[in-house]
Amino acid sequence: MSEISGFQIENGVLQKYTGRSDTVTVPDGVTEIGSYAFKNKYKIRSVTLPQSVTKIGDRAFIGCAALAELTLPDCADFIGGNAFEECASLTAVRIPHGVSELRRDTFGGCEALSEITLSDTVQRIGEKAFWGCKSLSRLHFPASLTVLETDAFYRCNALTEITVDAENPAFCALDGVVYTKSMQSVVFCPIGKTGEVVIPGGVTAVGAHAFAYCDKLTRITVPESVTAFGAWAFYRCTEIAPVHIPRGVTELPERVFGSCCGFTEFAIPANVTKIGARAFDGCTQMRTLTIPDSVTEIGKDAFSGCNLKAVTIPDSVKLLPASLFCMCRALTEVHLPEGIPAIESGTFHMCVSLKEITLPGSVREVKNGAFTSCDSLQTVSVAAGTEIGEYAFQYSPHVKVVTRSRGTGSQ
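Here our numbering is used: the first residue of the sequence shown is 661, the next is one more, and so on.
Now the structure itself:
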């Protein structure tokens, strides 16, 4: 390894910069910026790379908070994951021709980055590649881009518009929102978009994470042609009114409406048969929820953190998952389905307003943690022979368990 005035170089790879200057010119002949080469050099303001550089390694410039000026060489064809993460002063970047993929967290946390030019060789944008680029307001997808991974633009709160090259075979854009080329599925709505989004008729799916974190939208109009919602599709859309669920949708998948704090009531239509894990988790203003008899399966934490006061789970549901009503602090009345065999751990954790409950005659076990920290709970009616875990009512100081003959109704 040789060291030239602050540069540790081995076989053309710059392994580490040891200098103290805030303006750095990398020597000619260097072909690769190694992983962590400039890690946390937070005083560097400008870096000039020679045209000989073809590769920038993982985390090469991570934490260079003052770096504001950087031109990537035209011959560079590889940029590693997290390469420029937390370069908070970087304002503009042009991706060189030859780079085909922007990996996870490549420009994450680049808060000042307002201009990104993607070359016509970029085929994939990785998960959270541009997370936290808070100054980015618009972006153009080239014809080459065919893969957009989950949350690529997470916390890009100013991003309001995406445009797509007309020759792109995978994507197109309408009113700044990205759809599949065939207009069959919503792919991604920019997080900073405001007002209302009207999904056009003919669209059949709202993709996973499509509207996630769009907390400035007030309404999303879903056409009757939609037959599927992806996981996290409307997650943390905190200002929207309840979304219409078309007749063809049979499942509300994981966290589909999680943290939709604008919901005060929600009626699930009779075409829905499955409610996924955390589907309504964190809907802190939702006081009323109607669940139809068509529902046969409910996932873990489905209603955790909701403001429900009363709820009825239909008899079509044969198993209650763990933590179903966890932290439903306003819950005072709940009707459980006959046929369920057990009350799982965490089901009523911190339901601090619940004073009494009658468990169905089918329940044969109340598991540890089922009713923890239920401060107001006084009476729990169970059928004779029900096994109650030693810690089923931990930190619920006022509980009295009342035993009745098995076979008597729960309601």
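The C-beta atom is built at its ideal place from N, Cα and C for all residues, glycine as well.
Check, Outcome
"Comparing the C-beta of residue 765 with each C-beta of chain D, is any distance below 7 Å?", "The question asks about chain D, but that chain is absent: this structure has only one protein chain."
"Going straight from the alpha carbon of residue 918 to that of residue 874, what length do you get?", "12 Å"
"Taking the alpha carbon of residue 947 as the reference point, which residue from 936, 959, 922 has its own alpha carbon closest?", "922"
"Here's the rule: buried if 16 or more other CB atoms are within 10 angstroms of the residue's CB, otherwise exposed. What is residue 827?", "exposed"
"Out of curiosity, what's the CA-to-CA distance linking residue 1000 and residue 1041?", "15 Å"
"Return the first residue and the last residue of the beta strand (DSSP E) that residue 880 is part of.", "877–881"
"Have a look at 886, 668, 809 and flag the residue whose alpha-carbon is nearest the alpha-carbon of residue 694.", "668"
"Measuring only the C-alpha atoms, how far is residue 878 from residue 1034?", "35 Å"
"To the nearest angstrom, how far is it from the Cα of residue 842 to the Cα of residue 864?", "10 Å"
"Less than 7 Å between C-beta atoms, sequence neighbours within five positions excluded: which residues of the same chain meet that for residue 727?", "704, 705, 707, 721, 747, 749, 750"
"Could you give the DSSP three-state label for residue 760: helix, strand or coil?", "coil"
"Within this structure, are the beta carbons of residue 927 and residue 961 separated by less than 7 Å?", "no"
"Sort 699, 764, 854, 835 by Cα distance to residue 814 and report the nearest one.", "764"
"According to the Cβ coordinates, are residue 782 and residue 805 closer than 7 Å?", "yes"
"Rounded to whole angstroms, what's the CA-CA distance from residue 674 to residue 711? Just pull it up for me.", "14 Å"
"Could you give the distance in angstroms between the alpha-carbon of residue 820 and the alpha-carbon of residue 689?", "41 Å"
"With DSSP collapsed to three states, give me the class of residue 915.", "coil"
"So, helix, strand or coil for residue 855, using DSSP?", "strand"
"Quick one: Cα of residue 666 to Cα of residue 892, how far?", "48 Å"
"Less than 7 Å between the beta carbons of residue 709 and residue 733, yes or no?", "yes"
"Would you identify the three-state DSSP class for residue 972, choosing helix, strand or coil?", "strand"
"Give me the Cβ distance between residue 913 and residue 890, rounded to the nearest whole Å; I'm assuming they're in contact under 8 Å.", "7 Å"
"I'd like to check one pair, residue 1012 with residue 1036: are the Cβ atoms closer than 7 Å?", "yes"
"Measuring only the C-alpha atoms, how far is residue 1039 from residue 1002?", "18 Å"
"Go to residue 949, then tell me how far its beta strand (DSSP E) extends in each direction, as first and last residue.", "948–950"
"In three-state DSSP terms, what is residue 905?", "coil"
"Sorted by chain position, which residues of the same chain lie with C-beta nearer than 8 Å to residue 856's C-beta, five sequence neighbours on each side aside?", "877, 878, 879, 880, 881"
"Measure the C-alpha to C-alpha separation of residue 860 and residue 867 and round it to an integer number of angstroms.", "14 Å"
"If you compare alpha carbons, which of 664, 1015, 972, 990 is closest to residue 998?", "972"
"Please return the same chain residues whose Cβ sits closer than 6 Å to the Cβ of residue 1071, not counting the five positions on each side in sequence.", "Below a pLDDT of 50, predicted positions are generally treated as unreliable, and residue 1071, at 44, falls in that range; the measurement from the model is reported next regardless. Counting only Cβ-Cβ distances below 6 Å, and skipping sequence neighbours, we find 995."
"Do residue 766 and residue 752 have their CB atoms nearer than 7 Å?", "no"
"Would you mind working out which of 964, 974, 795 sits nearest residue 952, comparing C-alpha positions?", "974"
"Just reading off the beta strand (DSSP E) that residue 1060 is part of, what are its end residues?", "1060–1064"
"Is DSSP giving residue 874 helix, strand or coil here?", "coil"
"Would you list the residues sitting across from residue 712 in a DSSP beta bridge?", "DSSP lists no partner for residue 712."
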